[in-house]
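Q: The opening residue of the sequence shown carries number 30 in the numbering used here; numbering runs sequentially from there.
For each residue, glycine too, the CB sits at the ideal point set by N, CA and C.
The structure that follows is given in the form of C-alpha cells.
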Amino acid sequence: MSQSKIKFAHFYDWLQTSDLKFWSDSLPQIITNKLDVSRWGDMPTWEKALSNLPSIAKTNYDLKNGVTIGTVEEITPNQQKVLKENLMDLHPWRKGPIELFGLNINTEWRSDWKWDRIEPHIQPLDNRLVLDVGCGNGYHCWRMLGCGAKRVIGIDPSAKFIFQFSAIKKYAGLELPIDILPLGIEDMPEKMASFDSVFSMGVLYHRRSPMDHLRELRELLRPGGQLILETLVIEGGNGHSLVPEGRYAKMPNVWFLPSPETLISWLSKQGFVNAKIIDVTATSTQEQRRTDWMTFESLDNFLDSHDKSKTIEGHPAPIRAAVIAEAPF
30 MSQSKIKFAH
40 FYDWLQTSDL
50 KFWSDSLPQI
60 ITNKLDVSRW
70 GDMPTWEKAL
80 SNLPSIAKTN
90 YDLKNGVTIG
100 TVEEITPNQQ
110 KVLKENLMDL
120 HPWRKGPIEL
130 FGLNINTEWR
140 SDWKWDRIEP
150 HIQPLDNRLV
160 LDVGCGNGYH
170 CWRMLGCGAK
180 RVIGIDPSAK
190 FIFQFSAIKK
200 YAGLELPIDI
210 LPLGIEDMPE
220 KMASFDSVFS
230 MGVLYHRRSP
240 MDHLRELREL
250 LRPGGQLILE
260 TLVIEGGNGH
270 SLVPEGRYAK
280 MPNVWFLPSP
290 ETLISWLSKQ
300 GFVNAKIIDV
310 TATSTQEQRR
320 TDWMTFESLD
330 NFLDSHDKSK
340 TIEGHPAPIR
350 AAVIAEAPF
C-alpha cells in the first residue's frame with residue numbers, strides 16, 4: 030500500500046485530548062486506506078502540485094468576510110505565477126471564491142452567496158464543535174471557523190478536495206483548528222452524539238435513502254445540537270417530491286427532490302424538533318458557472334437551451350432550500 034504524503038498530525042494530537050478520543054484508535058488506519066495512492070490515479074499529480082507550492086509567509090487572513098489569506102504585497106510576480114500553475118493542477122475548483130496573496134481562485138460556485146443566505150439564521154458558531162458533511166474543498170469550513178467555531182471538521186470522500194484544502198491550509202496555518210478528512214458519512218462512528226452543529230449542504234439528493242441520511246445526521250449531533258441542511262427541492266406542498274427517472278441536470282446520482290414542506294415532515298419523522306425553512310432560492314447561472322478555474326460544463330449546460338425554467342431533461346430547474354432543525358434532548 031502506497032500512502033499519500035498528506036499528514037494529519039495536528040488533528041490526531043487534538044483528538045487524543047478531546048471528547049472524540051474514542052475515535053483515535055480506528056481513524057488513522059481508515060484515513061490511510063482512503064488515501065491509498067492505488068485508489069486515485071491522478072494522486073501523483075496532486076502530490077507534486079502540493080509539494081511545488083512556493084513558501085510564502087502571510088501576515089494576516091480574513092475568514093469572516095470571505096476566505097482571504099495574505100496580500101499581493103507579500104508575494105513576488107514569479108511566486109504568484111508558480112502558485113497559480115500548481116493550484117491549476119488541482120483543477121477543477123468547485124467551491125469558493127478563495128483569495129491567496131492577491132490571486133483570486135474564481136471557482137464554479139459563488140459559495141459565499143449560499144453562506145450569506147444561511148449564516149444569519151443559524152445558532153452562533155462561537156466555541157462550537159462543527160461537522161460539515163460533504164464539504165468539498167472546505168470553503169464553508171473556513172467560513173465556519175471565521176464565525177468563531179472552536180473546531181471544524183469537514184468530511185468528503187473525494188481525495189482531490191483534501192489536496193485543495195491542504196493547499197489553502199499551508200498558507201492559512203497548519204495549526205488552525207480546521208481539518209478535512211477523506212471520509213463519507215458512512216465512515217463515521219455510529220451514534221457519535223458529539224457535534225454542536227452539523228452541516229449537510231448539497232448531499233441529501235445524492236443519497237439513495239434520504240431518511241437514513243437524516244437519521245445519520247441526527248445521531249452525529251449532541252442533544253440540542255443544530256442541523257443545517259441545504260438541498261435541491263421542487264415546488265409543491267407536503268407529500269410532494271420528485272424522483273427523476275434517469276438524470277437530473279445531467280447528474281446520474283440524484284434520487285429524491287422533496288418540496289420544502291415535505292423536507293420538514295421528513296425531519297420530524299426522523300426525530301428532529303423545531304425544523305424551519307430559512308431560505309429557498311433558485312440557482313442562477315451567476316451563482317454556478319464555468320470559469321478559468323472550472324472549465325468543464327456548468328449550470329448553463331444543464332438547462333434547456335430554449336426554456337431556462339427546465340433542466341435539459343425537462344425537470345424543473347434547480348431550486349435549493351435551506352432548513353434548520355435540532356436534535357431532541
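1. From this set, Asn267, Ile257, Glu342, Glu76, which residue's C-alpha is nearest Met173's C-alpha?
2. Using three-state DSSP, classify Met217 as helix, strand or coil.
3. Nearest to Arg123 by CA position, among Glu102, Asn282, Arg139, Val309, is which residue?
4. Mapping DSSP to helix, strand and coil, what is Thr88?
5. Do Pro345 and Pro252 have their C-beta atoms closer together than 8 Å?
6. Rounded to whole angstroms, what's the CA-CA distance from Gln109 to Asp118? Just pull it up for me.
7. Can Ile341 and Leu332 be called in contact, C-beta distance under 8 Å?
8. Indicate the three-state DSSP secondary structure (helix, strand or coil) for Ser140 in the structure shown.
9. Assuming Ile35 and Leu210 form a contact by the criterion Cβ under 8 Å, report the distance between their Cβ atoms to the nearest whole angstrom.
10. Can you tell which of Leu246, Thr320, Lys220 has the C-alpha that lies nearest to the C-alpha of Glu137?
11. Out of curiosity, what's the CA-to-CA distance linking Gln45 and Leu56?
12. I'd like the list of long-range same chain contacts for Ala196, defined as Cβ closer than 7 Å, with 5 residues on each side in sequence excluded.
13. If you draw a straight line from the C-alpha of Gly163 to the C-alpha of Asp336, how long is it?
14. Quick one: give me the first and last residue of the beta strand (DSSP E) that Phe224 is part of.
15. Under a Cβ-count criterion, where at least 16 other Cβ atoms within 10 Å of its own Cβ denotes burial, should Leu243 be classed as buried or exposed?
A: By the coordinates alone:
1. Ile257
2. coil
3. Arg139
4. coil
5. no
6. 14 Å
7. yes
8. helix
9. Contact doesn't hold; Cβ gap of about 10 Å is too wide.
10. Thr320
11. 12 Å
12. Leu79, Leu82, Leu116, Leu119
13. 31 Å
14. 224–230
15. buried
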